[in-house]
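Line by line, the protein sequences give chains W and D.
Residue 4 is where the first sequence starts when you use my numbering, and the numbers rise one by one after that.
Residue -7 is where the second sequence starts when you use my numbering, and the numbers rise one by one after that.
Think of the CB as a built atom: it goes at the ideal place given N, C-alpha and C, for glycine as much as any other residue.
Note that the structure is a prediction, hence the values are computed from the model and not measured.
This report refers to the structure that appears directly beneath it.
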Amino acid sequence: MRFRVILPEGVVPAALRPELAAGIGRVYARLFGAPAAEIGVDWSELPRGRFFTAGRPSTSSIIAGTVPAGTSDESRHRLLAEITALWCETTGCTPHEVVVTAADARS
Amino acid sequence: MPVYHCSIPEQQLDDRKREQIAGSVTRIHCERTGAPPEFAHVLFLDATGGAAVVGSIRAGRPAALRAEMAAALAEAVAKTLGVEPGLVRVTLLEVPASWVMEGGAVMPEPGAEAEWLARFATGRPRRARERTRSPGGGD
């Protein structure tokens, strides 16, 4: 199971990435029972001028992952909320700078 | 959400054109859906071949609206690139609102935004509020 993070250059220091990736792994493992070691994060940092929000240079992070098909809204929303909180606490951003998605995994 | 990925060869773009496309995509989406511009994200990826725009938008909007949006997006991107609209491929992917959290809240279903928008209006970042109030800013 892998999450993909897309963010503009310079928004999240590289030094924080291991902590964020480990945090996502812990949250996912606790909620869905998967071994944390099997949960990875792929980072896509876009150069300046290639990520816009509201038509202006962005400071947002997009974190995209999947959950098992058939997951309840309650579990899915708990994952979304905990990753949002993790991101804000670790990076100092606001919730308005975090987009988290959890799609159904393809069987 | 929405998130628009623009895959366009680097040689067709410069900073001004990226800004122009980002502004057009944001305006087209927000004018037709009523979404606050602060939720519209536009990303640029290098690509080989032709220009393509893939937008992930909330599911549940009428097919006619999606078709109108796709046509307007193709026309706007083509105009900036100086090519025919038929050379810009636009795909709109529908994503269930309940799969997405932004601004610390699960996205509302289309047509059920009133309460969510009211909460957003009071909870949005100060800089966003100031930007929207400033002349020519925001949308």
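CB contact below 9 angstroms: residue i versus chain W
i	result
Val98(D)	yes
Glu122(D)	Model confidence at Glu122(D) stands at a pLDDT of 43, short of 50, so the residue's coordinates are unreliable and nothing is read from them.
Arg24(D)	no
Pro29(D)	yes
Proximal chain D residues relative to residue i, where beta-carbon distance stays under 8 angstroms
i	result
Leu83(W)	Val92, Met93, Val98
Environment of residue i [buried if 16+ CB atoms lie within 10 Å]
i	result
Glu30(D)	buried
Arg79(W)	buried
Gly130(D)	Residue placement at Gly130(D) is flagged as unreliable, the pLDDT there being 31, under the threshold of 50; a coordinate-derived value is accordingly withheld.
Thr40(D)	exposed
Glu41(W)	exposed
Ser64(W)	buried
Val(-5)(D)	buried
Arg109(W)	exposed
Ala110(D)	exposed
Pro21(W)	exposed
Thr83(D)	exposed
Proximity of residue i and residue j at Cβ, strictly below 9 angstroms
i	j	result
Asp107(W)	Gly73(W)	yes
Val45(D)	Val75(D)	no
Gly66(W)	Val14(W)	Note on residue identity: the sequence assigns Ile, not Gly, to residue 66(W). Taking 9 angstroms as the Cβ cut-off, Ile66(W) and Val14(W) do not qualify as a contacting pair.
Asp38(D)	Ser90(D)	no
Gly26(W)	Ile86(W)	yes
Val17(D)	Gly47(D)	yes
Gly26(D)	Val101(W)	no
Arg53(W)	Leu35(D)	yes
Glu12(W)	Leu49(W)	yes
Glu60(D)	Arg19(D)	no
Test: residue i CB closer than 9 angstroms to a CB of chain D
i	result
Gly73(W)	no
Met4(W)	no
Ala57(W)	yes
Ser61(W)	yes
Ile65(W)	yes
Val102(W)	yes
Arg109(W)	no
Chain W residues whose Cβ lies nearer than 7 angstroms to that of residue i
i	result
Leu35(D)	Ile9, Leu49, Arg53, Phe54
Any non-hydrogen atom of the ligand GDP within 8 angstroms of residue i CB
i	result
Val80(D)	This structure lacks the ligand GDP, and indeed carries no ligand of any kind.
Interface partners of residue i on chain D, CB under 9 angstroms
i	result
Asp45(W)	Under the 9 angstroms cutoff, chain D gives no residues; its nearest Cβ is about 14 angstroms from Asp45(W).
Original post:
Mind pulling the alpha helix (DSSP H) runs of 4 or more residues that sit fully within the region 59 to 119 of chain D?
Top reply: 106 to 115
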